[in-house]
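Q: Taken in order, these protein sequences are the chains called A and B. Count along the first sequence from 1, add 484, and you get the number used in our numbering. Count along the second sequence from 1, add 4, and you get the number used in our numbering.
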Amino acid sequence: MLLLLFRVGEDRYALDTQAIVEVIPRVSLVRYHGTPPTVAGRFNYQGQIVPVLDLSQLLGDKPCEPVWSTRIIVVNLAPSPAQPRLLGLLVEQATETLAGEGVKSAENRLQLSQQPYLGDVLLQDHEMIQCLKVEQILAEHHYDSLLSPLD
Amino acid sequence: MELRTVNCELQTGITSMQTTCWTEIGVRGDRTCPELQTVTHCQNCTVYSQAGRSLLERPVPKDYVQDWTTRLAQPHNREQDTRDTTVSVCLFRLGQEWLAIPANVVNQAGNPSTVHSLPHRRDRVLRGLVKVRGQLLLCVSLHELLGIALPETPPAQNISRLNGQRLLVMGPPQALWAFEVDELYGLYRCRTEQLRNAPALGSQILERFSQSILPWQHQTVSYLDSDRLLSALQQHLL
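(1) Is it true that the CB of Val551 of chain A sits closer than 8 angstroms to the CB of Arg57 of chain B?
(2) Considering Cα atoms alone, identify which of B:His124, B:Arg193 and B:Leu141 is closest to Gly175 of chain B.
(3) Under a CB-based cut-off of 8 angstroms, is Ile547 of chain A close to chain B?
(4) Should Thr42 of chain B be labelled buried (16 or more other beta-carbon atoms within 10 Å of its own) or exposed?
(5) So Arg131 of chain B and Asp186 of chain B are in contact, right, with Cβ under 8 angstroms, and what is the actual spacing, rounded?
(6) Would you call the region 496-509 of chain A and the region 37-52 of chain B touching, i.e. three or more CB-CB distances under 8 angstroms?
(7) Using the Cβ count rule (16 or more neighbours within 10 Å means buried), how would you classify Ala498 of chain A?
(8) Assuming Glu39 of chain B contacts Pro116 of chain B under a Cβ cut-off of 8 angstroms, what Cβ separation, rounded to an integer in Å, is found between them?
(9) Let me see if you follow: with CB-CB separation under 8 angstroms, is Thr224 of chain B close to chain A or not?
(10) Relative to the alpha-carbon of Leu241 of chain B, which residue among B:Ala179, B:Ser92 and B:Pro106 has its alpha-carbon at the smallest distance?
(11) Measure from the C-beta of Ala77 of chain B to each C-beta in chain A and report whether the shortest distance is under 8 angstroms.
(12) Count the C-beta pairs between the region 576-583 of chain A and the region 515-522 of chain A that are closer than 8 angstroms, then say yes if the count reaches three, no if not.
(13) Whole angstroms is fine: what's the gap from Arg165 of chain B's alpha carbon to Glu611 of chain A's?
(14) Out of B:Gly114, B:Trp181 and B:Arg128, which one is the CA nearest neighbour of Leu234 of chain B?
(15) Among A:Glu624, A:Asp538, A:Gly531 and A:Ile508, which one has its Cα closest to the Cα of Pro568 of chain A?
(16) Classify Lys66 of chain B as helix, strand or coil using the three-state DSSP reduction.
(17) Rounded to whole angstroms, what's the CA-CA distance from Lys546 of chain A to Cys615 of chain A? Just pull it up for me.
(18) Using a Cβ-Cβ cutoff of less than 6 angstroms, which residues in the same chain neighbour Gln112 of chain B once the five nearest sequence positions on both sides are dropped?
(19) Cβ closer than 7 angstroms: which chain A residues qualify as neighbours of His240 of chain B?
(20) In whole angstroms, give me the CA-to-CA distance for Ile508 of chain A and Val492 of chain A.
(21) With a CB to CB cut of under 8 angstroms and the five nearest residues on each side skipped, what residues in its chain are close to Glu197 of chain B?
(22) Tell me which same chain residues have a C-beta within less than 6 angstroms of the C-beta of Val119 of chain B, skipping the five on either side of it?
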């Protein structure tokens, strides 16, 4: 298992790379009207309109800084790659990956948060890494409507 | 997953960095850093890589964002993947003849070293044994095998990045062959539609080993068939 690491403020988060299509630089986004600031906007990804969520805003109440290391992770939420349901995740400091073999899950899995999109907590060099479940973010915040309907 | 690397001016940023321990106690300094014992070179050290990463914490120019916005908006054509439509070859010169072999059979290239002849083998093709990185390899003369005259005088043309003689090692890992070339250009990628059928070349032996010819720098180069070449060498050994 390979994880893509990023930061929200000082905290480290990880996404499983299975669902990731591509990691791209931050592009200019067109805002949706009447959406909370967590929805950063949408952009044209190879002819397809892809909505983008700002994970720093969602998890840290602060929008992503416009620096080089802020990138958009394009994930495919459809079960098959043939009919993609793409979603962009705007994250800060997406510069490193982590091979899953080198880390271990924290033994006492404390479920401090009620948020269902927070997955396992991993330990690497005494630093905690929180895994995220992308599908659950959408379900929790009713962002499903941003994506094209599932056939 | 495809990670598009950020092409920024890393070099200019490093000079403005505050922690530059690699220029003081690291490999560019007096090498007194205790970490060097374990990491050997600063480029393997986490401090160095963290400093490199921190260069990405700078504002992005507007035209860069605009460039990527338009670039990603274009439909991606998977057919344009170059992997199937190009061949990678290694170009080298024997005598006056530029030749190419598939890049995937080339194991390594190095400086020529002494060839130790084998007792009771007086063979023009099989020159003997040569030491390459602690390994004894059979050294052959492709000049002899392909019927190319050895150069008598150093050539006037110097178009390669690396001038002079090189020892090339080729073949599958269990059966490596070393041979000297008079000049090595390096690797070159060629589109498959540019390859032409081998016409009647001057040398019949060369014709036998060529699978096609490819254009390169206003000249045509014979693209050797590595299977035929390796099996010919194998037969020669017996």
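Even glycine gets a Cβ: it sits at the ideal position worked out from N, Cα and C.
A: Looking at the atomic coordinates:
(1) Taking the second sequence and counting its residues from 1, the one referred to as residue 57 of chain B is at position 53. Taking the first sequence and counting its residues from 1, the one referred to as residue 551 of chain A is at position 67. Cβ distance not < 8 angstroms, so Arg57 of chain B and Val551 of chain A don't count as in contact.
(2) Mapped onto the second sequence, residue 175 of chain B falls at position 171. It is B:Leu141.
(3) To locate residue 547 of chain A, count along the first sequence from 1; it is residue 63. According to the sequence shown, residue 547 of chain A is Pro rather than Ile. No, because no Cβ of chain B sits closer than 8 angstroms to the Cβ of Pro547 of chain A.
(4) Position 38 of the second sequence, counting from 1, holds the residue named residue 42 of chain B. By the C-beta density criterion, Thr42 of chain B is exposed, having fewer than 16 other C-beta atoms within 10 angstroms.
(5) Sequence index remark: in the second sequence, residue 131 of chain B carries index 127 (1-based). Sequence index remark: in the second sequence, residue 186 of chain B carries index 182 (1-based). Incorrect: roughly 15 angstroms between the Cβ atoms, too far for contact.
(6) no
(7) Counting from 1 along the first sequence, the entry for residue 498 of chain A is found at position 14. When all chains shown are included, Ala498 of chain A counts as buried.
(8) Taking the first residue of the second sequence as 1, we reach residue 39 of chain B at position 35. Taking the first residue of the second sequence as 1, we reach residue 116 of chain B at position 112. No, Glu39 of chain B and Pro116 of chain B are not in contact; Cβ-Cβ is about 38 angstroms, not under 8 angstroms.
(9) Taking the second sequence and counting its residues from 1, the one referred to as residue 224 of chain B is at position 220. So no, Thr224 of chain B is outside the interface.
(10) The count along the second sequence starts at 1 and reaches residue 241 of chain B at position 237. Comparing Cα-Cα distances from Leu241 of chain B to each of B:Ala179, B:Ser92 and B:Pro106, the minimum goes to B:Ala179.
(11) Within the second sequence, the letter at position 73 stands for residue 77 of chain B. Yes, its Cβ sits closer than 8 angstroms to a Cβ of chain A.
(12) no
(13) In the second sequence, the residue the question calls residue 165 of chain B occupies position 161. In the first sequence, the residue the question calls residue 611 of chain A occupies position 127. Since pLDDT at Arg165 of chain B reaches only 46, below the 50 mark, its modelled position is unreliable, and the value read off the structure follows with that caveat. Going from the Cα of Arg165 of chain B to the Cα of Glu611 of chain A covers about 47 angstroms.
(14) Start at 1 with the first residue of the second sequence, and residue 234 of chain B comes out as number 230. Looking at B:Gly114, B:Trp181 and B:Arg128, the one whose alpha-carbon comes closest to that of Leu234 of chain B is B:Trp181.
(15) Position 84 of the first sequence holds residue 568 of chain A. When only C-alpha atoms are compared, the closest one is A:Gly531.
(16) As a working note, residue 66 of chain B is residue 62 in the second sequence. Helix, per DSSP.
(17) By 1-based counting over the first sequence, the position of residue 546 of chain A is 62. By 1-based counting over the first sequence, the position of residue 615 of chain A is 131. About 20 angstroms.
(18) For the purposes of this step, residue 112 of chain B is taken as the residue at position 108 of the second sequence. Answer for Gln112 of chain B: Val173, listed in chain order.
(19) In the second sequence, residue 240 of chain B corresponds to position 236, counting from 1. Result: empty, since nearest Cβ-Cβ is about 46 angstroms, beyond 7 angstroms.
(20) On the first sequence, residue 508 of chain A is found 24 positions in, with the first residue counted as 1. On the first sequence, residue 492 of chain A is found 8 positions in, with the first residue counted as 1. Roughly 18 angstroms between the two C-alpha positions.
(21) As a working note, residue 197 of chain B is residue 193 in the second sequence. So the qualifying residues of the chain are Thr89.
(22) The count along the second sequence starts at 1 and reaches residue 119 of chain B at position 115. Only Arg131, Gly132, Val134 and Cys143 meet the Cβ criterion.
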